[in-house]
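Going line by line, the protein sequences match chains X and P.
Residue 1 is where the first sequence starts when you use my numbering, and the numbers rise one by one after that.
Residue 1 is where the second sequence starts when you use my numbering, and the numbers rise one by one after that.
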Amino acid sequence: MPHPAPNTNPTRPLNAAPPLLAGLMKVSAGIDAINDRIGRSAYWLILVAVLVSAGNAAIRYLVGDSSNAWLELQWYLFSAVFLLCAGYTLLHHQHVKIDIVYLRLSRRTQLWIDIGGTVLFLLPMAFIVMWLSWPVFVDAFKSGEVSGNTGGLTLWWARLLVPVGFLLLLLQGISELIKRIAILCGVLPDFAAADDVADDVSDNADHAAKALPP
Amino acid sequence: MTTFLIHNIAPLMFFGLIFFMLLGYPVAFALAANGIFFGLVGIELGLLQLSLFQALPDRIWGVMSNETLLAVPFFTFMGLLLERSGMAEDLLDTIGQLFGGMRGGLAFAVIFVGALLAATTGVVAASVISMGLISLPIMLRHGYDRRLATGVIAASGTLAQIIPPSLVLIIMADQLRQSVGDMYAGAIIPGLVLAGLYALYVLLVTWLRPQWAPALPIEARQLNGTDAGSGTMSLLVLFVIASICAIVFAQTYQARALDELLVLSIGFGVAVAYVLALLNRLLKGGLLSTLTEKVTFVLVPPLALIFLVLGTIFLGVATPTEGGAMGATGALVMAMARRRLNFARLKEAMDSTAKLTTFVVFILIGARIFSLTFYGVNGHVWVEELLTNLPGGQTGFLITVNLLVFFLAFFLDYFELAFIIVPLLAPAADKLGIDLVWFGVLLAVNMQTSFMHPPFGFALFYLRSVAPVKAYVDRVTKKTMAPVTTGQIYWGAIPFVVIQLIMVALVIAFPQMVMVYKDAPAKPNPKTMEIFIPPMDAPDDDLTRAFGGVSDRSAIVDKSGKSREERAAEDIEKQLRGK
Chain X
1 MPHPAPNTNP
11 TRPLNAAPPL
21 LAGLMKVSAG
31 IDAINDRIGR
41 SAYWLILVAV
51 LVSAGNAAIR
61 YLVGDSSNAW
71 LELQWYLFSA
81 VFLLCAGYTL
91 LHHQHVKIDI
101 VYLRLSRRTQ
111 LWIDIGGTVL
121 FLLPMAFIVM
131 WLSWPVFVDA
141 FKSGEVSGNT
151 GGLTLWWARL
161 LVPVGFLLLL
171 LQGISELIKR
181 IAILCGVLPD
191 FAAADDVADD
201 VSDNADHAAK
211 ALPP
Chain P
1 MTTFLIHNIA
11 PLMFFGLIFF
21 MLLGYPVAFA
31 LAANGIFFGL
41 VGIELGLLQL
51 SLFQALPDRI
61 WGVMSNETLL
71 AVPFFTFMGL
81 LLERSGMAED
91 LLDTIGQLFG
101 GMRGGLAFAV
111 IFVGALLAAT
121 TGVVAASVIS
131 MGLISLPIML
141 RHGYDRRLAT
151 GVIAASGTLA
161 QIIPPSLVLI
171 IMADQLRQSV
181 GDMYAGAIIP
191 GLVLAGLYAL
201 YVLLVTWLRP
211 QWAPALPIEA
221 RQLNGTDAGS
231 GTMSLLVLFV
241 IASICAIVFA
251 QTYQARALDE
261 LLVLSIGFGV
271 AVAYVLALLN
281 RLLKGGLLST
291 LTEKVTFVLV
301 PPLALIFLVL
311 GTIFLGVATP
321 TEGGAMGATG
331 ALVMAMARRR
341 LNFARLKEAM
351 DSTAKLTTFV
361 VFILIGARIF
371 SLTFYGVNGH
381 VWVEELLTNL
391 PGGQTGFLIT
401 VNLLVFFLAF
411 FLDYFELAFI
421 IVPLLAPAAD
431 KLGIDLVWFG
441 VLLAVNMQTS
451 FMHPPFGFAL
461 FYLRSVAPVK
471 AYVDRVTKKT
481 MAPVTTGQIY
491 WGAIPFVVIQ
501 LIMVALVIAF
511 PQMVMVYKDA
521 PAKPNPKTME
531 IFIPPMDAPD
541 DDLTRAFGGV
551 SDRSAIVDKS
561 GKSREERAAE
571 DIEKQLRGK
């Protein structure tokens, strides 16, 4: 049976989605919306962390005193950013890949690599970490674990961030999987084409975003 | 088959990793999945205990509570804000005017501004993009050789990676378990020497191929000689006055340590120059030329930021992480004061920072999951034996490792190199008696090339994104200009990659350049003082390091609070060691 080609041309009409896939695509859109919302809220914590850290150093210098709570708050915020943005970053295709070979492959092969990677790498990994870190949170919550530093903070909610972050990642992995399948079936326009267009009109900010870099 | 697997699981795992990563799935997940997959294989073969995976949440907790890594979002955020603040534009305009009159002047200005931006922040993208947008069109307009122009911009932007406060050095310090302050102190001289070598190369070019780097004609330099005599003379006078004030200050002030004295007296000299320039402006310019006044005003913001970041770190007021936060706050205030920052741009900066931080940290999480299994099957012993048995002892090791990193840098970026390769190299280097700060700086210099390698160097990629792709009409001369081809950018990078390799050789040959970090007496730092290194006997220590190392910050916490996991981890290590 000939496979339908992935629809890489945004102007080409899309195939109609079979009912199951149409339902899954709704799920995928819902996950995308959730992770987008969470990511956009979580990045504000960077600003908070910057101000807390700079303020803490300044106050320690001026007053000669500071609290461990402020030190711990910094890395709580930092952890919240990267764990809560894990799905968001995946949604925006910002997890780096080595694309020397990838870029030379046909779009169809690329999609299959993404699907295989998601099923074999991402989903099991996210599930195992989530599954293993949940009891750690439960222990911390039940025992009311508090950081051992003087004036330290309650730890359970930082422990909760791990399973939550990996759950968001898992969900986003499922959403990406659905989207790849939908693209392969030609029922969803290929975002690769959209990404290229975005690149052409991008300003500094977008370059810097890509950048990422160092 | 099973016997073969048992004996070769470490190499299989390593080559499996290379295969998975080359497929083009995100590195972080390929790493983690590889670790989990081979962990399951190891358990199946009876090489590992099921309890191995119980240590997984602890690995992640260790990454979360690592205070050094906090510097990644702080410095990234700072760099993105600076890019939006227009500071680089002002600098390039003014310094270009200052040097423009001499042959190769614009190239020197790019190197100077590149080094200055590098000292304010550690973000290559921001420097390369700013310089590519501002200096490249001017250089093309005045007939610079395109390869020279693009090469010097990419290379100078890359200086952000080696001149403190660079992210590469922070991550290297974390992975090698050295102090970030030592790493910074050790990298200053190599960083400046590298900038000097770039300038030397440009000088050589102006001598051998003068037509490649012409001087700017007088009409392109509006600032010069407009009032109060020749512009540069007055600048020289101001510089001498400021230097004398700084030296006098240094003679009289009783400082506790050399770096404190340096920071404060340079700060004093800059303040004097600034006050004089301010007076000049109030008096409507009798004293100094427009050029001098402009140069002074334009240099103050970056110098103030350098003070805010590096100054506070070297004075012991702030940890490197807090220095990053200070710098980010400073950049935020500056961008707002110049009205270059609106709500949308702030959100963009935070958005980019969040994505960068996430992917970087996830590579590290992936690497820790990978190493959990890799060290469990004694992969580190395999690598260490390979490396310590190299002929030629220390030098043989260093040369091999640097060649390895140079070639890996063609397709790995420095985060991947630092998180995957460096932890494998560190124990072997340590065993051979190599100073790890020296080793770290050496690798950091080497990893510069990963930004400049055609065809995947990040710096070239950023430059390509802002260099003209199509023929365009120059704004000033109204002439049609040819586009900058990708080939020109690649060819332009090659001489600078060669210079970077020469620098690697120089750092190997003259370790003194780095070793000066030992002369600066360790400063009591309010935060590092609390750091507690759990006492461990030698073999345990190796294994702990191998496991990805306990970060300073997590050590603080573990000391007092989380000894539970720490002990659990040790138990697992012991079990593994028993195997």
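Glycine is no exception: its CB is placed at the ideal position from the N, C-alpha and C atoms.
Keep in mind it's a predicted model, so treat the numbers as computed, not measured.
Whose Cβ in chain P lies nearer than 7 Å to the Cβ of residue i?
i, result
"Q300(X)", "Only positions 1 to 214 of chain X appear in this structure, which leaves residue 300(X) out of reach."
"K142(X)", "Simply none; closest approach about 14 Å."
"F191(X)", "Here the premise fails: no neighbours, minimum Cβ distance about 15 Å."
"M125(X)", "F29, A32, A33 and I36"
"L120(X)", "A33"
"G186(X)", "In chain order: nothing, as chain P lies at least about 22 Å away."
For residue i, which residues from the same chain have a beta carbon less than 7 Å from its beta carbon, with the 5 sequence-adjacent residues on both sides left out?
i, result
"G181(P)", "I313 and P320"
"R281(P)", "E293"
"R60(X)", "S66"
"K210(X)", "The predicted model places K210(X) with a pLDDT of 39, which falls under 50 and marks its position as unreliable; any figure quoted below should be read in that light. If we look at K210(X) and ignore the five residues flanking it on each side, it has no Cβ neighbours."
"V582(P)", "The requested residue 582(P) is not part of the displayed model; chain P covers only 1 to 579."
"A246(P)", "S265, I266, F268 and G269"
"A199(P)", "F108 and I111"
"E83(P)", "A126, I129 and S130"
Measure the CB-CB distance between residue i and residue j and report whether it falls below 8 Å.
i, j, result
"G114(P)", "S156(P)", "yes"
"D190(X)", "I183(X)", "yes"
"F411(P)", "V360(P)", "no"
"I489(P)", "L460(P)", "yes"
"T296(P)", "L238(P)", "yes"
"F451(P)", "T158(P)", "yes"
"T388(P)", "A428(P)", "yes"
"L148(P)", "G376(P)", "no"
"T353(P)", "L80(P)", "yes"
"A54(X)", "E67(P)", "no"
"T89(X)", "T76(P)", "no"
"S85(P)", "M334(P)", "yes"
"L403(P)", "L417(P)", "no"
"E145(X)", "W134(X)", "no"
For residue i, which residues from the same chain have a beta carbon less than 8 Å from its beta carbon, with the 5 sequence-adjacent residues on both sides left out?
i, result
"L45(P)", "T2, L5, I6 and I9"
"I365(P)", "A28, A32, R59, I60 and V63"
Here's a check: name, in chain order, each residue in its chain whose Cβ is nearer than 6 Å to the Cβ of residue i, leaving out the five neighbours to either side.
i, result
"F14(P)", "none"
"P535(P)", "For P535(P), the predicted structure reports a pLDDT of 40, less than 50, and the residue's modelled location is therefore unreliable. A value from the coordinates is still provided. Contacts found: none."
"A85(X)", "A small fix is needed here, since residue 85(X) is Cys in this sequence, not Ala. Only G39 and A42 meet the Cβ criterion."
"A119(P)", "I163 and I306"
"P423(P)", "Q175"
"L45(X)", "L77, A80 and V81"
"M87(P)", "P301"
Could you work out which residues of chain X lie near residue i, taking near to mean beta carbons separated by less than 9 Å?
i, result
"G24(P)", "K97, I98, D99, I100, V101, Y102, L103, L105, Q110, I113, D114 and G117"
"P73(P)", "I46, A49, V50, F78, V81 and F82"
Along chain P, which residues have their Cβ under 8 Å away from the Cβ of residue i?
i, result
"I128(X)", "I36, F53 and L56"
"A54(X)", "E322, A325, M326, A328 and T329"
In chain X, which residues lie with their C-beta within 8 Å of the C-beta of residue i?
i, result
"I60(P)", "V129, S133 and V162"
"F362(P)", "F82, A86, T89 and H95"
"E67(P)", "L71, Q74 and W75"
"M139(P)", "Going along chain X, no residue has its Cβ under 8 Å from M139(P), so there is no contact; the nearest lies around 19 Å."
"L404(P)", "Those within 8 Å of L404(P) in chain X number zero; the least Cβ separation is about 17 Å."
Just to make sure I have the definition right: I need the residues of chain X whose C-beta is within less than 7 Å of the C-beta of residue i. Which are they?
i, result
"L341(P)", "Near L341(P) there are no residues of chain X at all, since even the closest Cβ is about 12 Å away, more than 7 Å."
"M21(P)", "I98"
"T150(P)", "Result: empty, since nearest Cβ-Cβ is about 16 Å, beyond 7 Å."
"F318(P)", "Checking the sequence shown, residue 318(P) turns out to be Ala, not Phe. Those are A57, listed as they occur along chain X."
For residue i, return the contacting residues in chain P, with the cut-off set at a CB-CB distance below 9 Å.
i, result
"V136(X)", "P57, D58, W61 and E565"
Three Cβ pairs or more, each shorter than 8 Å: is that satisfied between the segment 148–157 of chain X and the segment 93–104 of chain X? no
Counting only runs that start and end within the segment 70–140 of chain X, where is the alpha helix (DSSP H) found for 4 or more residues in a row? 86–91 and 107–117
Of all the alpha helix (DSSP H) runs that stay within the bounds of the segment 304–360 of chain P, which reach a length of 4 or more residues? 312–315 and 320–337
Three or more beta-carbon pairs under 8 Å between the segment 102–114 of chain P and the segment 384–396 of chain P, yes or no? Of all C-beta pairs linking the segment 102–114 of chain P to the segment 384–396 of chain P, fewer than three are shorter than 8 Å, placing the two stretches out of contact.
contact_flag[the segment 97–109 of chain P, the segment 200–216 of chain P] where n(CB pairs < 8 Å) is 3 or more: yes
Could you tell me whether the segment 120–134 of chain P touches the segment 369–385 of chain P, where touching means 3 or more Cβ pairs closer than 8 Å? no
Check whether the segment 464–482 of chain P touches the segment 434–450 of chain P, counting contact only when three or more Cβ pairs, one atom from each stretch, lie closer than 8 Å. no
Specify whether the segment 98–109 of chain X and the segment 166–175 of chain X touch according to this definition: at least 3 beta carbon pairs, one from each stretch, less than 8 Å apart. no
Report the residue ranges of all alpha helix (DSSP H) runs contained in full by the segment 108–156 of chain P; include only those spanning at least 4 residues, in chain order. 124–141
Quick check for students: name the residue ranges of the alpha helix (DSSP H) that lie wholly in the segment 8–46 of chain P, counting only runs of 4 or more. Secondary structure remark: continuous alpha helix (DSSP H) runs of at least 4 residues inside the segment 8–46 of chain P, in chain order: 27–44.
List in chain order: all unbroken alpha helix (DSSP H) runs of 4+ residues lying wholly within the segment 39–92 of chain P. 56–64 and 71–85
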